[in-house]
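Going by our numbering, the letters in the sequence shown line up with residues 78 to 210, in that order.
Note that CB positions come from ideal geometry on N, CA and C, so glycine has one too.
Note that this is a predicted model, so its numbers are computed, not measured.
The structure appears below as structure tokens.
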Amino acid sequence: MKKTYKIIGIIVIILIIISVLILLTVSHYSNYKKKEEAKTKTKVHRVLKQKGWENKIKTEEPIFTFNTGDNYLEVTYKDEPYNTYQYYYDLDDDGKVTGEAVLKEKYQRYDLNKNKYKEYRKRHHFEEKYDLK
Numbered sequence: 078m079k080k081t082y083k084i085i086g087i088i089v090i091i092l093i094i095i096s097v098l099i100l101l102t103v104s105h106y107s108n109y110k111k112k113e114e115a116k117t118k119t120k121v122h123r124v125l126k127q128k129g130w131e132n133k134i135k136t137e138e139p140i141f142t143f144n145t146g147d148n149y150l151e152v153t154y155k156d157e158p159y160n161t162y163q164y165y166y167d168l169d170d171d172g173k174v175t176g177e178a179v180l181k182e183k184y185q186r187y188d189l190n191k192n193k194y195k196e197y198r199k200r201h202h203f204e205e206k207y208d209l210k
């Protein structure tokens, strides 16, 4: 009987240790994610403010993926709601902020019947990639 209590006690202690380790890992990841998103957001906002584009922002969403290391800020401007701009802050490239324009998925070619897409195609469309620094 005493052996079963010892085994159950050891199993409970091991489960508690494993759950604490999982909780610490999750909290560390979320703190790291917030820190990286905030760093990218401040660097990109500094460049956007220098260019005078900060007041034209409609929506922005910081995106960070731990597995791939993707860390960028997705920005949609008021005057171009069909495009999403992705701004990257790269430490390997001397801290340069680079960006690229991406047509939103809901306005891709398979939506040819929609009026919004037709209106958008009437405008001059191009993909731009540039260095903001």
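Discussion item. Taking the alpha-carbon of T136 as reference, which of T81, Y159, V124 has the nearest alpha-carbon?
Written reply: Y159
Worksheet item: At what residues does the beta strand (DSSP E) containing K135 begin and finish?
Response: 134-141
Discussion item. Distance check for Y106 and G176, CA to CA, integer angstroms please.
Written reply: 26 Å
Worksheet item: So, helix, strand or coil for T81, using DSSP?
Response: helix
Discussion item. Using 8 Å for Cβ pairs, my map puts K133 next to Y154. What's the rounded Cβ distance?
Written reply: 5 Å
Worksheet entry | Paired residues, beta bridge with L101 - DSSP | According to DSSP, which records beta bridges pairwise, L101 is partnered with nothing at all.
Practice prompt. Assuming V272 contacts Y164 (C-beta within less than 8 Å), just tell me the rounded distance between them.
Written response: A question about residue 272 goes unanswered here, because the residues of the chain that appear run from 78 up to 210.
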